[in-house]
Each structure stands twice: as C-alpha cells, then as structure tokens.
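Asks:
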Amino acid sequence: HCWDYRQHIVKKAGISDNEEFDFSTKKIYNNFSNYSSWHYRSKILSRMFPDPSGELPIDADKHKE
Numbered sequence: 599h600c601w602d603y604r605q606h607i608v609k610k611a612g613i614s615d616n617e618e619f620d621f622s623t624k625k626i627y628n629n630f631s632n633y634s635s636w637h638y639r640s641k642i643l644s645r646m647f648p649d650p651s652g653e654l655p656i657d658a659d660k661h662k663e
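The working numbering puts the first residue of the sequence shown at 599, with every later residue one more than the last.
(1) For Pro650 and Asp657, which I take to be in contact (beta-carbon distance under 8 Å), what is that distance rounded to the nearest angstrom?
(2) Compute the distance between the beta-carbons of Trp642 and Phe619, then report whether it is under 7 Å.
(3) Taking its Cβ as the centre, do 16 or more other Cβ atoms sit within 10 Å of Tyr603, making it buried, or is it exposed?
(4) I need the DSSP call for Glu618, collapsed to helix, strand or coil.
(5) What did DSSP end up calling His606 once you bin it into helix, strand or coil?
(6) Distance, Cα to Cα, Ile607 vs Ile626?
In structure tokens:
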C-alpha cells in the first residue's frame with residue numbers, strides 16, 4: 599500500500615510525526631472521504647500520544663479532546 603511505503607520514506611528522511619500529521623490533515627481537507635488518510639492519521643496519533651497502559655490506541659485524555 600502506498601501509505602506503508604510513505605511511512606518507510608518518512609522514517610528514512612527523518613520527517614517528524616507532527617509534519618506527517620499536518621500532511622494527512624491536508625489530504626483529509628482536500629477529500630474528506632479519503633479513508634486511507636484517516637487510517638494513516640490514526641497511526642500517527644498512536645505514535646504521538648501512546649496510551650501508557652497499552653490498552654487503548656491513544657492516550658485517554660488526548661482522545662477526549
């Protein structure tokens with residue numbers, strides 16, 4: 599999948615999760631039905647705000663925002 603390849607390139611290039619979050623947000627704004635961008639964004643959020651207990655995809659407090 600192209601998003602998996604993008605993650606590989608992003609890691610090699612040293613692009614931050616914040617930059618990738620912004621990138622995925624722009625893709626979503628351009629096409630709200632871009633479910634691949636939504637999924638990619640969920641992966642980024644999991645890295646940016648991990649749940650300390652490991653039980654949830656992201657930190658519960660961040661999820662409430």
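Where is the CB? At the ideal position from N, CA and C, for every residue including glycine.
Replies: So, from the listed chains and residues:
(1) For this step, residue 650 is matched to residue 52 along the sequence shown. For this step, residue 657 is matched to residue 59 along the sequence shown. Right, their Cβ atoms sit about 7 Å apart.
(2) Counting from one through the sequence shown, the residue named residue 642 turns up at place 44. Counting from one through the sequence shown, the residue named residue 619 turns up at place 21. Inspection of the sequence shows that residue 642 is occupied by Ile rather than by Trp. In this structure, the beta-carbon distance from Ile642 to Phe619 falls below 7 Å.
(3) Within the sequence shown, numbered from 1, the residue matching residue 603 stands at position 5. In summary, Tyr603 is exposed, with fewer than 16 beta-carbon neighbours lying within 10 Å of its beta-carbon over all protein chains present.
(4) Start at 1 with the first residue of the sequence shown, and residue 618 comes out as number 20. When secondary structure is reduced to three states using DSSP, Glu618 falls in the helix class.
(5) Sequence index remark: in the sequence shown, residue 606 carries index 8 (1-based). In the structure shown, His606 sits in a helix (DSSP, three-state: H, G or I).
(6) The residue you call residue 607 lines up with position 9 of the sequence shown. The residue you call residue 626 lines up with position 28 of the sequence shown. One C-alpha to the other measures close to 20 Å.
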